[in-house]
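Written below as structure tokens is the structure these notes are about.
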Amino acid sequence: SQQGEEDPQALSIQEGENATMNCSYKTSINNLQWYRQNSGRGLVHLILIRSNEREKHSGRLRVTLDTSKKSSSLLITASRAADTASYFCATDEGGGNKLTFGTGTQLKVEL
Amino acid sequence: NAGVMQNPRHLVRRRGQEARLRCSPMKGHSHVYWYRQLPEEGLKFMVYLQKENIIDESGMPKERFSAEFPKEGPSILRIQQVVRGDSAAYFCASSPRSSGTVNTEAFFGQGTRLTVV
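Protein chains in written order, with this note's numbering: chain A, 1 to 111; chain B, 1001 to 1117.
Here is the structure:
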């Protein structure tokens, strides 16, 4: 089955709430990245976490990585309507030269 | 420093025609990747190129699809004799080195949305 599967597929929350998205993968990796895609647009890189890191912060974003469980989570705190987008995790499949993306989580933040 | 530039943004082709998608990487980036995204799905890797070399084309369909990254000019993804199933968004990404290297992120363009009618 596919590497980098996100959970949930869709998430709807109220502005100000926190949003948590999870990603699982199957083989060893050097790093894991999270991207955001607004409807009909390109991907914007959010954060990269290396395999020897457990947690990383960037503004309202918090990413964790558990290599023993082969999973990562993305937490967006104090969400805003502008955070409405699809969020994808991507892995490098153990050092390969391509990124493998999951199917994404569609986040909707309502006013 | 302009980002990754893709053109056209939208492309409509009739079945059997050829589609040419262009990608200019960020300045100083010598690695280009092409991905395809079907509706409601994630991106699927197609091909990885460096200047004048195809490094990994494991995601490319065996027929009708080709890619190049010449010494001068943009990278081109070419689809011959398009069929309706080719309708998708095609994204290009560039990086200063292989994305297999730790601490390297890929920068994506806005994509070309191909519609085959």
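For every residue, glycine included, the Cβ atom is placed at its ideal position computed from N, Cα and C. Since the structure is predicted, the reported quantities are computational estimates derived from the model, not experimental observations.
I'd like to check one pair, A/R41 with B/S1110: are the Cβ atoms closer than 8 angstroms? Note on residue identity: the sequence assigns Gln, not Ser, to residue 1110 of chain B. Contact flag set, yes.
Beta-carbon proximity check, B/S1075 vs B/L1049, cutoff 8 angstroms: yes
Just the Cα atoms here: how many angstroms apart are B/V1102 and A/N18? Summary for B/V1102: the model assigns pLDDT 46, below 50, so the residue's position carries little reliability; its value from the coordinates is reported in the next sentence. Going by the C-alpha atoms only, they are around 29 angstroms apart.
For a cutoff of 8 angstroms on Cβ pairs, would you count B/G1028 as touching chain A? no
Could you name the residues of chain A that B/E1072 contacts, counting a contact when the two beta carbons are closer than 7 angstroms? Here the premise fails: no neighbours, minimum Cβ distance about 23 angstroms.
Quick one: what's got a C-beta closer than 8 angstroms to A/E53's C-beta in the same chain, skipping five residues either side? L65
Neighbour list for B/Y1033 in chain A, Cβ cutoff strictly below 7 angstroms: K98
Can you list, in chain order, the residues of the stretch 34–54 of chain A whose Cβ is nearer than 7 angstroms to any Cβ on chain B? R41, G42, L43, H45, L48 and R50
Hey, which unbroken runs of the beta strand (DSSP E) at 3 residues or more fall wholly within the stretch 1064–1102 of chain B? 1065–1068, 1075–1079 and 1088–1095
Taking B/K1062 as the reference, which of B/V1047, B/G1073, B/R1022 and B/Y1090 has the closest Cα? B/V1047
Is the CB of B/E1105 under 8 angstroms away from at least one CB in chain A? yes
By the DSSP assignment, the beta strand (DSSP E) with A/L48 in it spans what residues? L43 to R50
C-alpha distance - B/V1082 paired with B/K1071, whole-angstrom precision: 27 angstroms
Selection from B/T1112, B/E1068 and B/E1057 that minimises the alpha carbon distance to B/K1051: B/E1068
Pull the bridge partners of A/L32 from the DSSP assignment, please. A/I49 and A/T91
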